[in-house]
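Okay, structure first, notes after.
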Amino acid sequence: MTPIYLTYFLLPASLLPPAHPLSSLLPQVVVVCRGEECSSVAAAAMGLVAYLKTQFVLQLLLGFVFVVSGLLINFIQLLTCVLWPLNKQLYRRINTRLSYSLWSQLVMLLEWWSGTQCTLYTDQATVDKFGKEHVIIILNHNYEIDFLCGWTICERYGVLGSSKVLAKHELLKVPLIGWTWYFLEIVFCKRKWEEDRETVFRGLERLRDYPEFMWFLLYCEGTRFTEKKHQISMEVAESKGLPKLKYHLLPRTKGFTTALKCLKGTVSAVYDVTLNFKDHQVPTLLGIINGKKYLADMRIRRFPVEEIPEDEKECANWLHKLYQEKDALQEHYHKEGTFPGPTITPPRRLWTLLNFLFWAALLLSPLINFACGVVVSGSPLLILGFSLFLIVASIAIRRLIGVTEVKKTGSNYGDEGSKKQN
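Position 341 (the sequence shown) corresponds to 1056 in our numbering; numbering is contiguous.
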């Protein structure tokens, strides 16, 4: 069996000079790294890394870097507000990059920390347009990390910082996320059309001259899929004489038709994205933080806006038909384990990892020095205060994670006010 050597020992021992300081050690290394034993060592190393990723202390440090860097970024964003009346486009370009520095840390968790892979089912002609046009994205809302899968594609094609979303108003109050979105001119809505009409129109029209290519995300279902919401949704579909959907909620058409109308002349296409996961995986953000790897598949179809009816009623019918097609795609995936069409796996980029390492180097060094000083001081008061800080920090981070959890995402889906929006 051919020996397999570790990094430094790529040459047979016989090629080393007899007096070489490593010559006496090399045979031992070779023994460890032969054949199956080498595989065992590698497996043990990978197991150790996987174990470390689940440890609370490391996860707390990740959260510390994200929260503190986010607060610093939000403060800088606040300072940039003075630019708005002087040079609106400069303000936007700066905030696009500041937002990237925060969002890419979450993408880093998905791509590098957990090693989650995203495979695209689409054609090369569609991929060639990614990051080169303003578009509306329609994504199914079934998973806790569907937004992260969308963001990782945005990052790989250079539009993460300028990505937009029609978000529920409650998220505006969430620290870091809501604050960053506010400076990014994200459009917030209360999901009650009578109250949202003016706000949504004004917010969308303000984006018509956005200087960076943007991907504007719409969750047309209005809320994340659950069995209870699905049952209510299908009752509405039956009452309106619409075909029932198996894997989606009935889409709310107002947001889509309004976005298409307000962004006419800016947006050149609609990307329909249907997301699912291999082997019936149910991904969670906590799973990502624990280093669990998921395999995401995304079927992407491009529709030029010229092919979408301008009449509001016909446009709504077009959206309903689109969701029937999305449902058929999900049915195909559940039966075959794949989406139809060619596959493309865009490579992850180093920028997300380098950005996180920059913030980690900047913030963790003073934190560790301070922690060591507290321990060395022996002061019960300082140690107690630092322990309380860690507890409060862990609770705050856990609550941020809770925003994404399916069982904790509230919704007025099914009440009379929400039914009128469809």
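Virtual Cβ for every residue (Gly too), placed ideally from N, Cα, C. Treat the numbers as computed from the prediction; the structure is a model and nothing was measured.
- The DSSP assignment places 1000-1004 as complete runs of the alpha helix (DSSP H) inside the segment 975-1030, in order along the chain (cut-off: 4 residues).
- Annotation: the continuous beta strand (DSSP E) that includes residue 835 extends over 832-836.
- Per DSSP, residue 817 is one residue of the alpha helix (DSSP H) stretching across 803-823.
- Collapsing the DSSP output to three states places residue 930 in a strand.
- The Cβ atoms of residue 983 and residue 929 do not sit closer than 9 Å to each other.
- For residue 935, the three-state secondary structure derived from DSSP is coil.
- The DSSP-derived three-state label of residue 852 is strand.
- The beta carbons of residue 866 and residue 818 sit about 6 Å from each other, so the pair counts as a contact at 8 Å.
- In this structure residue 828 is not in contact with residue 905, their Cβ atoms being roughly 35 Å apart against a cut-off of 8 Å.
- Distances from the CA of residue 1070 to each of 1100, 777, 820 and 773 were compared; the closest alpha carbon is that of 820.
- With fewer than 16 other beta carbons inside 10 angstroms of its own, residue 1110 counts as exposed.
- DSSP, read as helix, strand or coil, puts residue 1053 in coil.
- Checking the DSSP bridge columns, you'll see residue 881 partnered with 902.
- Of all C-beta pairs linking the segment 851-870 to the segment 998-1013, three or more are shorter than 8 Å, placing the two stretches in contact.
- Residue 1035 sits close to residue 957, with the two beta carbons spaced by under 9 Å.
- Residue 950: member of the alpha helix (DSSP H) spanning 942-954, first to last residue.
- The C-alpha of residue 978 is placed about 38 Å away from the C-alpha of residue 779.
- Spanning the alpha carbons of residue 1019 and residue 762 requires a straight line of approximately 47 Å.
- Here the C-alpha atom of residue 1050 lies approximately 12 Å from the C-alpha atom of residue 993.
- Distances from the CA of residue 1004 to each of 781, 1086 and 1046 were compared; the closest alpha carbon is that of 781.
- Between residue 841 and the set 1059, 806, 936 and 1104, the nearest pair of CA atoms involves 1059.
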